[in-house]
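Enquirer: The sequence shown: position 248 = 248 (UniProt numbering), numbered continuously.
Each residue gets a CB set at the ideal place from its N, CA and C atoms; glycine is no exception.
One structure follows; several queries about it will come next.
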Amino acid sequence: MLSRNAMRSAIDAFHNNTSLLLRTRGASLTSATARQCRTSPFDSWASGRKHISVYGYTQAKALVYSKYGEPKDVLQLHKHSISPPHGTQVTLRLLAAPLNPADVNQIQGVYPSKPPFQTTLGTQEPSAVGGNEGAFEVVTTGSNVKTLRKGDWVVMKQTGLGTWRTHAQLDESQLIRIENREGLTPLQISTVSVNPVTAYRMIKDFCDWDWMRSGEEWLIQNGANSGVGRAAIQLAREWGIKTINVVRERESPEATADLKKELRELGATVVVTESELLSAEFRSRVKELTRHGKEPIRLGLNCVGGKSATALAKTLAPGSHLVTYGAMSKQPVSLPSGLLIFKNLVFDGFWVSKWGDQNPQLKENTINDVLQLTRAGKFKDIPVDEMKWSWETDGPMLTAAVQETLSGYRGGKGLLKYEGGD
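Below is the structure:
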């Protein structure tokens with residue numbers, strides 16, 4: 001393998017010899033022909049590689065937007081070059097990145113957290129890269145990088161850095177190294193930072209569970225088929241907490257029954273539909289399940305709002321917490337005053353992005369805990385709708401996959417899986 005200096009010397013010699021030959025023969029070439037003559041064998045070799053140029057530059061593509069709007073209208077696939085890393089910089093290659101509803105809300109401009117719009121990728125207008133979650137592999141490192149090396153798998157420490165890109169270059173301090181890759185897949189790592197961490201922290205931080213009463217306390221949640229809901233089911237199962245899980249009815253009774261069965265196989269104690277939750281009979285069922293309050297419902301997790309959130313709150317034991325982390329119905333949480341006065345319920349909100357930025361080490365510890373459960377086979381993958389991303393994949397195909405994120409019932413979470421080279 002030629003060194004970089006040797007390559008440059010060879011290219012310079014080729015260019016010089018070409019110029020001398022042209023002068024000697026008195027040749028008169030058009031500018032297009034001259035450009036063809038100035039193309040060296042090394043340029044052809046680099047072009048074949050596509051991703052790493054002869055000077056160590058990485059060719060990359062990113063889904064960017066320069067204004068807010070619907071993904072299909074504002075997202076563009078931008079090609080750019082990444083210089084060799086120096087100092088504590090790290091060049092990364094995408095393994096997989098999920099398409100979360102919050103990512104689309106961010107592009108629409110309605111999400112509270114907004115990434116910076118910059119021209120660092122060489123875009124004509126200041127732009128941001130979409131995506132907040134993903135798994136990457138280290139390709140090259142700067143000379144001062146201490147904790148990472150080529151081949152390591154990492155996730156980004158903070159949101160807003162942009163994950164929908166084939167390659168990225170970040171500082172070592174912005175990355176969390178996956179300590180032990182054994183038994184893990186890019187899918188599992190790419191989806192660990194948001195939904196599982198959200199479920200983990202809400203269950204751990206908003207209720208003082210009596211661990212001496214394992215199996216005698218409950219949590220109730222709506223949106224139980226979501227990524228957070230599925231994570232909460234599995235974590236609660238491992239921690240000895242029973243769960244009542246609320247889902248939307250599917251297109252047929254058979255499909256609803258299949259979903260209930262699937263969640264019970266994950267570890268759900270009880271699965272009910274929204275209509276069952278809102279029925280007059282549900283209160284009696286709760287009394288039966290909790291042995292008339294001897295097994296209290298200590299925590300409610302709400303991502304829907306509206307009547308669903310009110311119904312969750314009514315099942316809670318005195319002094320319990322209802323934590324809201326989403327608003328799928330776009331309806332406000334309406335609460336009877338009696339729940340505050342006579343039950344002394346506490347109503348909280350949780351936003352994992354802000355929490356993670358404020359607690360980076362605790363976020364890393366939480367990720368490691370979830371991944372340890374995954375290695376042990378105690379935490380299953382979420383269903384995904386995989387979109388394979390190769391170097392040849394065009395922009396419209398990618399933006400269509402992003403646009404689908406907020407559409408009705410889906411077979412699984414959208415996931416970009418990059419299959420290009422370094």
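Shortest alpha-carbon distance to W351 belongs to which of M202, E182, T399?
Expert: M202
Enquirer: Between V333 and A309, how many whole angstroms is the CB-CB distance? I'm expecting something under 8 Å.
Expert: 5 Å
Enquirer: Hey, is the segment 96 to 113 in contact with the segment 143 to 155, meaning 3+ C-beta pairs nearer than 8 Å?
Expert: Cβ pair count under 8 Å is below three, so no.
Enquirer: When the Cα of N225 is compared with those of L92, K413, E125, P126, which residue comes out closest?
Expert: Cα-wise, what sits closest to N225 is K413.
Enquirer: What residue range is occupied by the uninterrupted beta strand (DSSP E) comprising P98?
Expert: 89 to 99
Enquirer: In whole angstroms, what is the alpha-carbon distance linking L416 and D210?
Expert: 41 Å
Enquirer: Where does the unbroken alpha helix (DSSP H) through G122 begin, and where does it stop?
Expert: Run containing G122: none; DSSP gives neither H nor E here.
Enquirer: CB-CB under 6 Å to G223, same chain, minus the five flanking residues each way: which ones, in chain order?
Expert: G229, C303, V304
Enquirer: With C-beta atoms as the reference, is E137 less than 8 Å away from T191?
Expert: No Cβ-Cβ contact shorter than 8 Å links E137 with T191.
Enquirer: Could you pull the DSSP bridge partners for A128 from this structure?
Expert: Y65
Enquirer: My understanding is that Q221 touches N245, with C-beta atoms under 8 Å, so please give their C-beta distance in whole angstroms.
Expert: Indeed, because the Cβ distance is near 6 Å, the residues count as touching under 8 Å.
Enquirer: Considering only C-alpha positions, which residue in the set T399, S284, V155 is nearest to D73?
Expert: Answer by Cα proximity: T399.
Enquirer: Helix, strand or coil: which one does DSSP assign to Q158?
Expert: coil
Enquirer: Please name the residue in T88, P71, Y65, K61 whose C-alpha comes closest to that of H80.
Expert: K61
Enquirer: If I measure Cβ to Cβ from Q403 and keep anything under 6 Å in the same chain, skipping five residues before and after, which residues do I get?
Expert: The beta carbon of Q403 lies closer than 6 Å to those of P71, K72 in the same chain, with the five residues before and after it left out.
Enquirer: Can you give me the C-alpha to C-alpha distance between E364 and T374, rounded to a whole angstrom?
Expert: 15 Å
Enquirer: Give the single residue among P186, A128, G131, P112 whose Cα lies nearest to the Cα of D381.
Expert: Measuring from the Cα of D381, the nearest candidate turns out to be P186.
Enquirer: In whole angstroms, what is the alpha-carbon distance linking Q169 and M212?
Expert: 48 Å
Enquirer: If I measure Cβ to Cβ from V384 and keep anything under 6 Å in the same chain, skipping five residues before and after, which residues do I get?
Expert: G412, K413, L415
Enquirer: Residue range of the beta strand (DSSP E) that M212 falls in?
Expert: No beta strand (DSSP E) contains M212, which DSSP labels as neither H nor E.
Enquirer: Taking the Cβ atom as the reference point for each residue, do Q118 and D171 lie within a distance shorter than 8 Å?
Expert: no
Enquirer: My assumption, with CB atoms under 8 Å, is that T315 sits in contact with I297. Please give the rounded CB distance.
Expert: Indeed, because the Cβ distance is near 5 Å, the residues count as touching under 8 Å.
Enquirer: State buried or exposed for V110, treating a residue as buried only when at least 16 other CB atoms are found within 10 Å of its CB.
Expert: exposed
Enquirer: In the DSSP assignment, the alpha helix (DSSP H) including E262 goes from what residue to what residue?
Expert: 253 to 266
Enquirer: For G229, which three-state DSSP category applies?
Expert: DSSP places G229 in helix when its eight states are reduced to three.
Enquirer: So for R248, helix, strand or coil by DSSP?
Expert: coil
Enquirer: Under the assumption that S243 contacts T269 (Cβ atoms under 8 Å), give the Cβ distance between them as a whole number of angstroms.
Expert: For clarity, residue 243 is Thr in the given sequence; the question names Ser instead. Contact flag correct, Cβ pair sits at about 5 Å.
Enquirer: Could you check what DSSP says for W355 in three-state terms: helix, strand or coil?
Expert: It is helical.
Enquirer: Which residues in the same chain as L312 place their Cβ atom closer than 7 Å to its Cβ, once the five residues preceding and following it in sequence are excluded?
Expert: I220, N222, G300, N302, L322
Enquirer: Counting only runs of 4+ residues fully inside the segment 294 to 340, write out the alpha helix (DSSP H) ranges in chain order.
Expert: 306 to 315
Enquirer: Can you grab the Cα-Cα spacing for the pair I189 / G338, in whole Å?
Expert: Distance from the CA atom of I189 to the CA atom of G338, rounded to whole angstroms, is 44 Å.
Enquirer: Residues in the same chain with beta-carbon distance under 7 Å from K157, minus the five sequence neighbours each way, listed in chain order, please.
Expert: Q174, L175, I176, P360
Enquirer: What residue range is occupied by the uninterrupted alpha helix (DSSP H) comprising V286?
Expert: Run containing V286: 282 to 289, per the alpha helix (DSSP H) assignment.
Enquirer: Among F282, S353, E265, R165, which residue has its Cα nearest to the Cα of G420?
Expert: R165
Enquirer: Taking just the CA atoms, how far does K343 sit from L184?
Expert: One C-alpha to the other measures close to 44 Å.
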